[in-house]
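For the sequence shown, the UniProt record's numbering begins at 1 and goes up steadily by one.
For glycine and all other residues, C-beta sits at the position ideal for the given N, C-alpha and C.
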Amino acid sequence: MDGSQGMGWHSDDEPEMLPFGAIASVSLGAERKFVFKHKKLNTKVELWLAPGSLLVMKGMTQRHWLHSLPKSKKIKEPRINLTFRTIVS
Ligand SMILES: O=C(O)CCC(=O)C(=O)O
Ligand SMILES: [Fe+2]
């Protein structure tokens, strides 16, 4: 997807996911901004996900933080994200 698409604020805390399991995210293609927002504190952390980068979210990250991938009209190149999660049944 290019910069016309993004992902709104959420936590990766679906019921089928292993609680507090690590989530690994590989970015390919266009560099995109990724933002964390604390659920209670007025704190944001912004980072750029470069192509080939690996982002690991683990432990209490999903409990305490939301994250989003903001849209950007400036970004015309496509990006692919591969996210690895542990699913429990
Ligand atoms: O595209 C990304 O880097 C993040 C995607 C994401 O947050 C998700 O799939 O839950
Ligand atoms: Fe997510």
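(request) In the DSSP assignment, find the beta strand (DSSP E) that holds R63 and state where it starts and stops. (result) Along the sequence shown, one-based indexing puts residue 63 at 63. Here R63 belongs to no beta strand (DSSP E); instead the alpha helix (DSSP H) covers 61-64.
(request) Confirm the yes/no value for this check: CB of F34, any heavy atom of ligand 1, distance under 7 Å. (result) Position 34 of the sequence shown, counted from the first residue, corresponds to residue 34. True, at least one ligand heavy atom lies under 7 Å from that Cβ.
(request) Using beta-carbon positions only, say whether K62 and S25 come within less than 8 Å of one another. (result) If you number the sequence shown from 1, residue 62 lands on position 62. If you number the sequence shown from 1, residue 25 lands on position 25. It should be noted that the sequence gives Gln, not Lys, for residue 62. Not a contact, by the Cβ cut-off of 8 Å.
(message) Does the beta-carbon of H67, which I'm using as the reference point, lie nearer than 7 Å to any heavy atom of ligand 2?
(response) Your numbering for residue 67 matches position 67 in the sequence shown. Under cutoff, so the answer is yes.
(request) Could you name the residues of the same chain whose beta carbon sits closer than 6 Å to that of L18, not counting the 5 residues immediately before and after it, in chain order? (result) Residue 18 sits at position 18 when you count from the first residue of the sequence shown. For L18, where only same-chain residues beyond five positions count, the Cβ hits under 6 Å are T86, V88.
(message) Rounded to whole angstroms, what is the Cα-Cα separation between T43 and L55?
(response) If you number the sequence shown from 1, residue 43 lands on position 43. If you number the sequence shown from 1, residue 55 lands on position 55. A direct Cα-Cα distance of roughly 19 Å separates T43 from L55.
(message) Could you compute how far the alpha carbon of S53 sits from the alpha carbon of S68?
(response) Within the sequence shown, the letter at position 53 stands for residue 53. Within the sequence shown, the letter at position 68 stands for residue 68. About 17 Å.
(request) Could you tell me if the beta carbon of D12 falls within a distance shorter than 7 Å of some heavy atom in ligand 1? (result) Indexing the sequence shown from 1 puts residue 12 at position 12. Ligand 1 has a heavy atom closer than 7 Å to the beta-carbon of D12.
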